[in-house]
Structures are given as structure tokens and as C-alpha cells.
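What follows is a short report on a single structure.
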Amino acid sequence: MDTVVQTVKDLLVQRKLRPGDLLPSENEIAASLSVSRGSIREAMKILSAFGVVEIRQGDGTRVATTANPKLFDPLLFNLLVTQPEIEELAELRILVEEGIVRLSAAHADEAGLARLQHAYEALAEGARTAPADRKRLFEADLRFHEVLGSLTGNRLVANVYQFVIELLAPTMHPGQGLDAHLRIVEALQAHDLAGALRAVDDHDEIWRRLNVQTKDGPGKGDGEAVS
Numbered sequence: 462m463d464t465v466v467q468t469v470k471d472l473l474v475q476r477k478l479r480p481g482d483l484l485p486s487e488n489e490i491a492a493s494l495s496v497s498r499g500s501i502r503e504a505m506k507i508l509s510a511f512g513v514v515e516i517r518q519g520d521g522t523r524v525a526t527t528a529n530p531k532l533f534d535p536l537l538f539n540l541l542v543t544q545p546e547i548e549e550l551a552e553l554r555i556l557v558e559e560g561i562v563r564l565s566a567a568h569a570d571e572a573g574l575a576r577l578q579h580a581y582e583a584l585a586e587g588a589r590t591a592p593a594d595r596k597r598l599f600e601a602d603l604r605f606h607e608v609l610g611s612l613t614g615n616r617l618v619a620n621v622y623q624f625v626i627e628l629l630a631p632t633m634h635p636g637q638g639l640d641a642h643l644r645i646v647e648a649l650q651a652h653d654l655a656g657a658l659r660a661v662d663d664h665d666e667i668w669r670r671l672n673v674q675t676k677d678g679p680g681k682g683d684g685e686a687v688s
């Protein structure tokens with residue numbers, strides 16, 4: 462099974478398999494790798510669960526045609542098990558979010574900035590109704606970061622950012638840093654990169670201080686807070 466998974470990965474890395482390509486039949490894979498058909502089926506189930514391949518009845522198994530955030534799940538589980546320290550997470554967050562802001566400032570168009578403004582307004586409304594509707598605040602904050610990532614114009618970067626936010630979610634605090642969110646929006650709208658970077662750094666520092674005080678890390682908090 463591991464041999465099959467590794468082979469598919471190698472073919473993707475070497476670009477010998479591309480999105481939408483049909484994988485060889487079970488018999489062909491079994492003959493070329495000297496593995497059982499049962500091992501092949503188990504490997505395909507794993508690859509399908511992670512969004513690498515699509516198993517289509519009557520059409521065989523094809524390489525997925527769209528990026529799937531599930532691809533990051535193994536790495537996420539690995540990081541959660543290792544229980545990274547808050548300072549390690551802080552460095553990761555600053556590194557990623559400064560890069561996100563730089564790309565967003567360079568590539569965001571008016572429609573994208575309007576989506577970000579709308580996402581901020583939904584977040585602000587969620588903060589006003591918290592804690593009565595904590596779930597709404599959680600979802601609104603996730604949406605804000607999702608839109609911010611999309612402004613980069615880079616699907617790979619956006620998926621990595623979504624993974625980082627998912628990793629950080631248990632350490633975040635509802636309603637904190639709302640002003641910094643607004644400053645990020647306004648700075649990007651004004652094409653003020655320096656201002657946007659200051660806002661994201663201030664936001665991340667608020668988050669870091671709160672977590673240094675509580676000593677929470679992924680898997681240690683209450684899990685339904687984000688900021």
C-alpha cells in the first residue's frame with residue numbers, strides 16, 4: 462500500500478501524472494509494482510480521502526482536477542500531535558500573514574477588496590452578537606481570512622494560509638483585534654502596504670500576548686475561538 466502511494470506521489474512530483482489523468486488499471490499497477498490488488502484498493506482509498514484522486518464509477522480512477530485543502534490534513538495532524546509552543550506558532554503566523562498581505566496588496570482588485578470589506582462587516586456584526594452566537598463569530602472570522610488569502614491571486618498560497626489558520630484556530634480569541642482587521646482592510650483599499658503590514662503585525666502581537674498569558678496551544682484551548 463505504501464509503495465503505491467509513494468509511486469503516485471513521485472509521478473505527480475515528476476509531472477508524469479497531471480490533473481484529470483486516468484491512472485492505470487489495478488492489474489497494470491499490480492504487475493508493475495508487484496503488489497496485491499487489495500493493497501492497491503487500500504492505497505486508492507487513502508489517496509481519495511486526501512483529495513489526490515477521484516474514483517469514478519465506470520470511469521476508473523483519475524488525478525483530482527482541483528486543489529483540495531484535505532491534502533494538508535496529514536501535516537496538520539502531525540503538528541497537533543507535536544504540540545508546538547506559542548512562540549513557534551507566533552513566528553509562523555507573522556511569516557505567513559506578512560507574505561499574504563504583500564501579495565494581496567500587489568494583486569487585489571476592486572471586486573476582491575469589496576469582498577474583504579463585506580467579510581469584515583460580517584465579522585464586526587458577529588462580534589456585536591457574541592457571546593450569544595459564538596459560532597457565527599467563529600465562521601465570520603474564518604471567512605475574513607479565507608477572503609484575505611484569495612486576494613493573493615495564488616491558489617497554492619491561499620491553501621497554505623487556510624491550513625495555517627486551521628492550525629491556529631484553537632488558540633484564537635473571539636472579538637479580539639477587530640480594529641486591526643479594519644485597519645488591514647482600509648490599508649489595502651488605500652494601497653498602503655506599510656500600513657497593512659503594521660496592522661497585521663499589531664493584530665498578531667495582540668494574539669501572541671493573549672496566548673502567552675493563557676499558555677494555550679493547538680489542542681489545548683476550547684477550540685471554537687478565532688481572531
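Going from the sequence shown to the numbering used here is simple: count from 1 and add 461. Note that CB positions come from ideal geometry on N, CA and C, so glycine has one too.
| Asked | Found |
| --- | --- |
| Run of the beta strand (DSSP E) containing V524, from where it starts to where it stops | 521-524 |
| Contact set for G560: own chain, Cβ-Cβ below 8 angstroms, skip 5 residues either direction | V618 |
| Cα-Cα separation between V557 and L671, rounded to whole angstroms | 19 angstroms |
| CB contact flag (M462, S500, <7 angstroms) | yes |
| Inter-residue CB distance, T526 and G481 (contact presumed, cutoff 8 angstroms) | 5 angstroms |
| L427 vs S565 beta-carbon contact at 7 angstroms | Since the displayed the chain opens at 462 and closes at 688, residue 427 lies outside it and no answer follows. |
| Contact under 7 angstroms by Cβ, F657 with I645 | For the record, residue 657 in the displayed sequence is Ala; it is not Phe. Yes, they are a contact pair. |
| Cβ neighbour criterion (16 or more within 10 Å) applied to T522 | buried |
| Spatial distance of I555 from V661 (CA atoms) | 8 angstroms |
| Classification of E487 by the beta-carbon crowding that lies within 10 angstroms, buried from 16 upward | buried |
| Contact set for E503: own chain, Cβ-Cβ below 7 angstroms, skip 5 residues either direction | M462 |
| Rounded C-alpha distance that separates Q674 from N615 | 35 angstroms |
| F605 beta carbon less than 7 angstroms from that of A580 | yes |
| Where V514 falls: helix, strand or coil (DSSP) | strand |
| Local Cβ density within 10 Å of A686, reported as buried at 16 or more and exposed below that | Only weak support exists for where A686 lies, its pLDDT of 39 falling under 50; the coordinates are left without a value. |
| Cutoff 7 angstroms; reference A585; Cβ partners in own chain excluding five residues on either side | L639 |
| Other residues of its chain near S497: CB distance less than 7 angstroms, five sequence neighbours each side excluded | A491 |
| Span separating the alpha-carbon of H664 from that of V513 | 35 angstroms |
| Pair within 7 angstroms by beta-carbon distance, G587 and R576 | no |
| Distance between L609 and E571 (C-alpha atoms, nearest Å) | 13 angstroms |
| Residues near V465 in its chain [Cβ-Cβ closer than 7 angstroms; skip 5 each side] | I490, L494, V496, S500, I501, A504 |
| L483 - DSSP class collapsed to helix/strand/coil | strand |
| Given I626 as reference, the closest of R517, L553, L473, L472 once Cα atoms are compared | L553 |
| Separation of A601 from Q578, as counted between CA atoms | 12 angstroms |
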